[in-house]
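Taking it in order: structure first as structure tokens, then the write-up.
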Amino acid sequence: MIIEVNGEHPQPRRIQEALRSLGRGGGLIAYPTDTVYAVGCRLDDREAVEAIDRLKTERGGSQGPLSVIVPDLSAIASLAVVEDVAYRILRRALPGPFTFVLKATRQVPKFMLRRQKTIGIRMPDAPVAQALCEALGGVLITTSAKSRDGELLDDPREIEAEYRGSVRVVLDAGPILSSPSTVIDLTSEPHEVLRRGKGDPSALGLS
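0 is the number of the first residue of the sequence shown in numbering that gives the first Met the number 0; add one for each residue after it.
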């Protein structure tokens, strides 16, 4: 199902409609961020998290940590271990087109952790993603919407066709120019840029 939504001023009724469809028991939705269209689910829905992991692997995704979209900086503390230096970087960079890899806390369900016990943190500068998190009252597990060839999908109609049978709802804010987030590992010393994307690491004092 496709639900059209205003990308700058998302209608609360349509956000709620998407979340009702999300539900539990493996429910996935697709929605726009500030970098790509993403596929997401609830953190506490094991079946859905496993489905996202499977979809990510099938489409050539890395074996790195699963990522979550958070509504604000305070939500990060329950999910990740954040030292003072890392917090200062997060505060400068977010919201924005970055994914930060941090050590996961014990509050993160074990079924979504890799061997490294890390988690990717995203706080996109994107009204629809923010509205989803706020209405949900929590965070969304997330991965980029891709074709089976591993190409980013930027058209909601293509996403609906590609993920039919897996994604219950596509929030359609119109096509976007897809560019992946920049991924930065804050668990290493010095901090390491794992993937260069839309975000400029030099603006954070990283190269």
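From the three backbone atoms N, C-alpha and C, an ideal C-beta is built for every residue, glycine too.
Nearest-angstrom Cα distance between Thr-98 and Leu-72?
-> Going by the C-alpha atoms only, they are around 13 angstroms apart.
Count the other C-beta atoms from every protein chain shown that fall within 10 angstroms of the C-beta of Leu-176, then say buried if there are 16 or more, exposed otherwise.
-> The residue is exposed, with fewer than 16 neighbouring Cβ atoms inside 10 Å.
Mind checking Met-0: buried by the 16 CB within 10 Å criterion, or exposed?
-> Exposed, because fewer than 16 other Cβ atoms sit within 10 Å of the Cβ of Met-0.
Residues near Ala-29 in its chain [Cβ-Cβ closer than 8 angstroms; skip 5 each side] = Listed in chain order, the non-local C-beta contacts of Ala-29 below 8 angstroms within the same chain comprise Tyr-36, Ala-37, Val-38, Gly-39, Ala-144, Pro-155, Ile-158, Glu-159, Tyr-162, Val-166, Val-168, Val-169 and Leu-170, local neighbours out to five positions each way being set aside.
Which whole-angstrom value is the C-beta distance of Thr-141 and Ile-68, which I expect to be below 8 angstroms?
-> Between Ile-68 and Thr-141 the Cβ distance is about 5 angstroms, and since that is below 8 angstroms, they are a contact.
The stretch 3-14 contacting the stretch 73-80, beta-carbon criterion three pairs below 8 angstroms | Touching, no, given that fewer than three Cβ pairs across the two stretches are closer than 8 angstroms.
Would you decide whether Val-84 is buried or exposed? Buried here means 16 or more other CB atoms lie within 10 Å of its CB.
-> Val-84 is exposed by the Cβ-count criterion.
In angstroms, rounded to a whole number, what distance separates the CA positions of Thr-181 and Pro-200?
-> Answer to the nearest angstrom: the Cα atoms are 8 angstroms apart.
Option in Leu-203, Ala-134 and Arg-105 with minimal Cα separation from Glu-16 | If you compare the alpha carbons of Leu-203, Ala-134 and Arg-105 with that of Glu-16, the shortest gap goes to Ala-134.
For the beta strand (DSSP E) containing Thr-32, list its first residue and its last residue.
-> From DSSP, Thr-32 is part of no beta strand (DSSP E); its letter is neither H nor E.
What residues match up with Ile-3 in a beta bridge as DSSP calls it?
-> According to the sequence provided, residue 3 is Glu. The question's Ile does not apply to it. Under DSSP, the beta-bridge partners assigned to Glu-3 are Asp-171.
Which partner residues of Leu-176 appear in the DSSP bridge assignment?
-> In the DSSP assignment, Leu-176 forms no beta bridge with any residue.
Would you tell me roughly how many angstroms separate the C-alpha atoms of Leu-152 and Ser-146, rounded to the nearest one?
-> Approximately 6 angstroms between the Cα atoms of the pair.
If you check the beta carbons only, do Leu-101 and Ile-118 fall under 8 angstroms apart?
-> For Leu-101 and Ile-118, yes; Cβs fall inside 8 angstroms.
List in chain order: all unbroken beta strand (DSSP E) runs of 3+ residues lying wholly within the stretch 122-150.
-> Runs of the beta strand (DSSP E) inside the stretch 122-150: 139-143.
Residues that Val-192 bridges to, as DSSP identifies them = Answer is Ile-183.
Can you say whether Lys-55 is buried or exposed, counting buried as having 16 or more other CB atoms within 10 angstroms of its CB?
-> Taking every protein chain shown into account, the CB of Lys-55 has 16 or more other CB atoms within 10 angstroms, so this residue is buried.
Excluding the 5 residues preceding and the 5 following Asp-184 in the sequence, name in chain order all residues of the same chain whose CB lies nearer than 6 angstroms to its CB.
-> Within the same chain, and ignoring the five residues on either side of Asp-184 in sequence, the residues whose Cβ sits closer than 6 angstroms to its Cβ are Val-100, Glu-191 and Leu-193.
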